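Residue numbers (our numbering): 2 to 464.
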């Protein structure tokens, strides 16, 4: 791991606020899952990782960094720290009906359920109720970073940013843009209004100067946006150096419709490319039917895909071949896609990603199944790379923000049982590895604490 025992000169006066000792599990660019047994990790006063060293160096580290060894937080035998998980695609406004209304294919589902529900967010009391609950639920489930779709309503979208900041979650928040092809006539905006309100949203959110909440330009998808609107949003993103999020190639009917709506474009990817919406700060959800040529364009542009396996299965949209995406060296993260996906848990996204890969392997014996280690990486470092935030978060590297989960596999009343040979005495590295892998069977009860930039955000403080 990248670590240091001696602080750089410019950091010498930065105090270390917290020091942990125990097992760490994270991903690196070279290793999908790296488990570090008996390591010491220090967090400075700004919430950044100051050092990561072997536990045997704790005495010398205490002298260098000025902390007392008696103040070191010792993780229990069945505890470990892992990076916070990154949800690269979630509709905060749809949380109120997650787990229901999954009886229709995508386009019918949007018109029947989604657009009528999202239209309610002009009511800020309603918005505050739902957005508060989705922030608390995702944080409880270990999501330290989320890329949110809100609705077309500027004030409610700004409220989502405020609530994310209040709870301390790292978030990209998007006011949804759509000016056509909605069967709910009151749920779309004229082009000029959409442009003006998007600019107002960006201006007012940036003016707040939230530490970890930023705007993201959000055309809903090509079906609901005119070419003029897409061009406008491409210019806004470029002029303000902003992230971009949307959907692409989610189901076959949608792909066919896009071809009809944009006959001059070679592919769904070409639609976004021609409108300057495919950049190294773009994340597109789904991508189930992208061709190899389209994946090549994604790689060349540095754009990312958010794999949302729960939603793809729940709405019977399709199955993304993750192995093919990775082979094309396209940035890839996981998304819950609430409410198309019924669970706000990134652990569920991790499991469903593996399930999808196994189904593809059953269909094709040559398919290389996604491993647990690879899925772990997609849920953490892969997600931060997909959102172009990997310089700040995603794993335990010195200088990055301490976005982390303290996981306890022996939590009272938890879903995981421990067995003989996994006791507190003489635990072997193999057993430590097994403890980390047991998170596959865990849930939010096993997440004892959640940290974003060094701030403990779960358990929740009184706000």
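Backbone N, C-alpha and C fix where the C-beta goes; we use that ideal spot for every residue, glycine too. Small disclaimer: the values here were computed from a predicted structure and weren't measured.
In chain order, what residues of the same chain have a beta carbon less than 7 angstroms from the beta carbon of residue i, not counting five sequence neighbours either side?
i           : result
residue 136 : 164, 165, 168, 170
residue 5   : With a pLDDT of 48 at residue 5, under the threshold of 50, the predicted position of this residue should be treated as unreliable, though the coordinate-derived value follows. Closer than 7 angstroms at Cβ, skipping near neighbours: 52, 399.
residue 75  : 22, 23
residue 361 : 320, 322, 368
residue 9   : Confidence in residue 9 is poor, its pLDDT being 47 and thus under 50, which makes the residue's placement unreliable; the coordinate value appears in the next sentence. Answer for residue 9: no residue qualifies.
residue 354 : 308, 310, 323, 335, 371, 376, 379
residue 187 : 120
residue 116 : 183, 185, 188
residue 160 : 125, 128, 129, 132
residue 241 : 203
residue 290 : 250, 253, 256, 319
residue 105 : 113
Please name the residue, chosen from the options, that lies closest to residue i on a Cα-to-Cα basis.
i           : options            : result
residue 205 : 229, 397, 96, 157  : 157
residue 227 : 113, 183, 212      : 183
residue 234 : 258, 250, 199, 268 : 199
residue 292 : 278, 275, 267, 345 : 267
residue 311 : 319, 294, 20, 350  : 350
residue 83  : 438, 357, 300      : 438
residue 145 : 162, 119, 159, 172 : 172
residue 71  : 280, 19, 203       : 19
residue 440 : 276, 304, 143, 249 : 143
residue 178 : 161, 221, 208, 29  : 221
residue 1   : 286, 80, 46        : Outside the displayed range of the chain (2 to 464) lies residue 1, so it cannot be described from this structure.
residue 147 : 90, 162, 190       : 90
residue 314 : 285, 326, 357, 274 : 357
residue 41  : 55, 28, 50, 327    : 55
residue 213 : 279, 325, 393, 26  : 393
residue 65  : 16, 92, 80, 36     : 16
List the whole-angstrom C-beta distance separating residue i from residue j, where the pair is believed to meet the contact cut-off of C-beta under 8 angstroms.
i           : j           : result
residue 185 : residue 112 : 7 angstroms
residue 88  : residue 347 : 6 angstroms
residue 454 : residue 48  : 4 angstroms
residue 447 : residue 417 : 7 angstroms
residue 119 : residue 94  : 5 angstroms
residue 232 : residue 287 : The Cβ separation is near 23 angstroms, so there is no contact.
residue 404 : residue 452 : 6 angstroms
residue 284 : residue 96  : Residue 284 to residue 96, Cβ: 20 angstroms. No contact.
Run through DSSP, which three-state label would residue i get?
i           : result
residue 473 : The question about residue 473 has no answer, for the chain in this structure spans 2 to 464.
residue 354 : helix
residue 409 : strand
residue 81  : strand
residue 195 : helix
residue 302 : helix
residue 188 : coil
residue 237 : helix
residue 335 : strand
residue 250 : coil
residue 363 : helix
residue 347 : helix
residue 440 : helix
residue 104 : coil
residue 425 : Only weak support exists for where residue 425 lies, its pLDDT of 39 falling under 50; the coordinates are left without a value.
residue 38  : strand
residue 417 : coil
residue 446 : helix
residue 386 : helix
residue 374 : helix
Which residues does DSSP list as the beta-bridge partners of residue i?
i           : result
residue 177 : 219
residue 402 : 49
residue 476 : Residue numbering for the chain in the displayed model covers 2 to 464; residue 476 lies beyond these limits and cannot be assessed.
residue 283 : 245
residue 459 : 451
residue 75  : 22
residue 44  : 19, 50
residue 91  : 149
residue 86  : 144
Given residue i, which residues of its chain have a CB within under 8 angstroms of its CB, disregarding the five upstream and five downstream residues?
i           : result
residue 33  : 372, 374, 375, 377, 378
residue 154 : 122, 123, 128, 176
residue 297 : 329
residue 107 : 251, 252, 254, 255, 316, 318, 341
residue 331 : 296, 299, 300, 304, 305, 306
residue 459 : 140, 141, 448, 450, 451
residue 381 : 27, 28, 83, 84, 85, 86, 87, 395, 396
Less than 6 angstroms between C-beta atoms, sequence neighbours within five positions excluded: which residues of the same chain meet that for residue i?
i           : result
residue 238 : 218, 245
residue 449 : 407, 409
residue 211 : 166
residue 270 : 295, 298
residue 102 : 114
residue 215 : 173
residue 444 : 416
residue 281 : 303
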